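Working notes, beginning with the structure itself.
Number of protein chains: 2
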Amino acid sequence: MKADPDTNETSGLGRRRGNAREESSATYQRRRREIAEAAVRVFDRLGLQGASISAVAAELGINRASIYYYISSKEELFDEVLRAVAERNRIMAAEIAASDLPPPDKLRKLIVEIMVSYGEHYPLLYIYIRENLSQVSDRRTGWSKDMRDINRTIENAFIHIIEQGYADGSLRDIGPPKVIAFGMLGVVGWTHRWFRPATAEHSAREIGETYAEMMISGMRAN
Amino acid sequence: MKADPDTNETSGLGRRRGNAREESSATYQRRRREIAEAAVRVFDRLGLQGASISAVAAELGINRASIYYYISSKEELFDEVLRAVAERNRIMAAEIAASDLPPPDKLRKLIVEIMVSYGEHYPLLYIYIRENLSQVSDRRTGWSKDMRDINRTIENAFIHIIEQGYADGSLRDIGPPKVIAFGMLGVVGWTHRWFRPATAEHSAREIGETYAEMMISGMRAN
DNA sequence: GTAAACATCAACGAATATGTTGATTTTTGT
DNA sequence: ACAAAAATCAACATATTCGTTGATGTTTAC
Numbered sequence: 003m004k005a006d007p008d009t010n011e012t013s014g015l016g017r018r019r020g021n022a023r024e025e026s027s028a029t030y031q032r033r034r035r036e037i038a039e040a041a042v043r044v045f046d047r048l049g050l051q052g053a054s055i056s057a058v059a060a061e062l063g064i065n066r067a068s069i070y071y072y073i074s075s076k077e078e079l080f081d082e083v084l085r086a087v088a089e090r091n092r093i094m095a096a097e098i099a100a101s102d103l104p105p106p107d108k109l110r111k112l113i114v115e116i117m118v119s120y121g122e123h124y125p126l127l128y129i130y131i132r133e134n135l136s137q138v139s140d141r142r143t144g145w146s147k148d149m150r151d152i153n154r155t156i157e158n159a160f161i162h163i164i165e166q167g168y169a170d171g172s173l174r175d176i177g178p179p180k181v182i183a184f185g186m187l188g189v190v191g192w193t194h195r196w197f198r199p200a201t202a203e204h205s206a207r208e209i210g211e212t213y214a215e216m217m218i219s220g221m222r223a224n
Numbered sequence: 003m004k005a006d007p008d009t010n011e012t013s014g015l016g017r018r019r020g021n022a023r024e025e026s027s028a029t030y031q032r033r034r035r036e037i038a039e040a041a042v043r044v045f046d047r048l049g050l051q052g053a054s055i056s057a058v059a060a061e062l063g064i065n066r067a068s069i070y071y072y073i074s075s076k077e078e079l080f081d082e083v084l085r086a087v088a089e090r091n092r093i094m095a096a097e098i099a100a101s102d103l104p105p106p107d108k109l110r111k112l113i114v115e116i117m118v119s120y121g122e123h124y125p126l127l128y129i130y131i132r133e134n135l136s137q138v139s140d141r142r143t144g145w146s147k148d149m150r151d152i153n154r155t156i157e158n159a160f161i162h163i164i165e166q167g168y169a170d171g172s173l174r175d176i177g178p179p180k181v182i183a184f185g186m187l188g189v190v191g192w193t194h195r196w197f198r199p200a201t202a203e204h205s206a207r208e209i210g211e212t213y214a215e216m217m218i219s220g221m222r223a224n
């Protein structure tokens, strides 16, 4: 009845009591995914702060405790939902930065691809952006540190490309690279306030291209 | 002892029980201000969502109930702290929009003045921006509706100026006015993520001018 | 110096949050 | 059909929130 006493329950004792078996039973994985998807909807509505496990349970019309059968804490649910896609974005930025395009083209591509990514994974990356905005998360240390690192990588990609462009003369120097970089990230990040792929008149790619044009045409040193 | 039965306590019964007197007793106003200032610090650290009245009390080292002696609810505290300065910003935007500068100069001025305002009232306007980001506030209806209205006014100022510029040929049409407008607001709004006046290498005005240059030089039609 | 107004606090009640557990229902395999 | 495993739930314990209230200190005025 009780869980085997020899299971290495290092922390979170609660969940998945009769497990043992490989975690990949057909239905288990499916249910877990359903919960994650419901959580995304709730997080999008209420923010990570405001979203309670109760609210996620209500979204699915099930009992709150059932969720703990699949995940062991709210934190784990955040992680389940957000980490993979945020990480993918980091890699994308690093690849563009490492490519051999001229700096203005790198910037343009970065801006467009980030916007496209926001649209494709909507609303996941926006949830992440909003959360990271409020510096509340200082407590959930492990998770929040990783997320911050992902951010920093992307920021550094922008900064480095701008420095490169200043150095090789392909970009006109209009201000500190860091300020410019944050500006560009701000434009695309801010779309979380108004861009809704399902009802938008313009595609994420079109918006990205508009923004790239807006910011880069004035910096090009042609 | 009890509050006079004839006082028109329409709602929030709690606060200021023995008042009657004009609200402007010397110390009362001072204390109320101290509380507001402590609240600003806490809101800045934790966000409006995450900030509890307890945390504000702790910030001052006083009892939680004492705060209710000065304010009657968390909402009133938000309002006390944020409304005036947000409103001032709205007026500023409206004035620039109504001036007779050429559209590109209006845009430049708007961007710079908004940034300057962020710096001057730091961190107040950033608290407001962050809160408005998460759409959580739908509940605190009265307050949140007003704040949304202020936002909309500023957005519309940008949109209208861009349309004006497209129409009179002073701005090159690079995309939908709404998209451009949100982009410009995004750049300045995003500064809440990194701009700290006390330690920054560049002034709010310099940053605003850099951003204005970044976005407007590419749109100027000369 | 003393009474009234002012300011503070401990304690309470009602909500809501998180995470756990024992029992119960449902599904699955044979 | 039936036993074992999987999934769900009601209920519990604990913590934290908000807003209120009666009592207790502390100023102020006269």
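As given, the protein sequences belong to chains A and B, one line each in that order.
The first sequence lines up with residues 3 to 224 when you count with the working numbering.
The second sequence lines up with residues 3 to 224 when you count with the working numbering.
Here a beta-carbon is modelled for each residue, glycine too, at the ideal position from N, C-alpha and C.
Note that this is a predicted model, so its numbers are computed, not measured.
Contact check, residue i vs residue j, beta carbons under 8 Å
i, j, result
"A/I209", "B/V181", "yes"
"B/F45", "B/W145", "no"
"A/G167", "A/P125", "no"
"B/I116", "B/Y72", "no"
"B/A159", "B/A95", "yes"
"B/G220", "A/S219", "yes"
Unbroken alpha helix (DSSP H) run spanning residue i, endpoints
i, result
"A/A41", "A28 to G52"
"A/L187", "P179 to W192"
"B/M217", "A206 to I218"
6 Å Cβ shell around residue i - same chain, five flanking residues per side excluded
i, result
"A/Y130", "L84 and A88"
"B/D111", "It should be noted that the sequence gives Lys, not Asp, for residue 111 of chain B. If we look at B/K111 and ignore the five residues flanking it on each side, its Cβ neighbours are I98."
"A/L62", "A40"
"A/R154", "none"
"B/N91", "S119"
"A/H204", "none"
Close-in-space but distant-in-sequence residues of the same chain around residue i (CB under 8 Å, 5 per side omitted)
i, result
"A/Y120", "L127, Y128, V190, T193, H194, F197 and A206"
"B/D148", "R85"
Nearest-angstrom beta carbon gap, residue j and residue i [assumed within contact, 8 Å]
i, j, result
"B/M216", "B/L109", "Not really, about 12 Å apart at Cβ, beyond 8 Å."
"A/I113", "A/A214", "4 Å"
"B/G177", "A/T212", "3 Å"
"A/R66", "A/I55", "6 Å"
"A/G171", "A/A223", "6 Å"
"A/L50", "A/E165", "34 Å between Cβ atoms; not a contact."
"B/P179", "B/I156", "Contact flag wrong, Cβ pair sits at about 14 Å."
"B/S58", "B/A41", "Ser is not the amino acid found at residue 58 of chain B; the sequence shown has Val there. Contact holds; Cβ gap of about 5 Å."
Contacts around residue i, its chain only, beta-carbon distance under 7 Å, and the 5 residues preceding and following it disregarded
i, result
"A/I163", "A99, P105, K108 and L109"
"B/H123", "V87"
"B/E24", "Confidence at B/E24 is low in this model, with a pLDDT of 49, below 50, so its placement is unreliable and no value can be given for it."
"A/L48", "A57"
"A/V118", "A206, R207 and G210"
"A/D175", "Y168"
"A/S101", "K108"
"A/R34", "Y72"
- Task: Run through the segment 39-127 of chain A for me and flag every whole beta strand (DSSP E) of 3 or more residues, listed as ranges in chain order.
- Result: none
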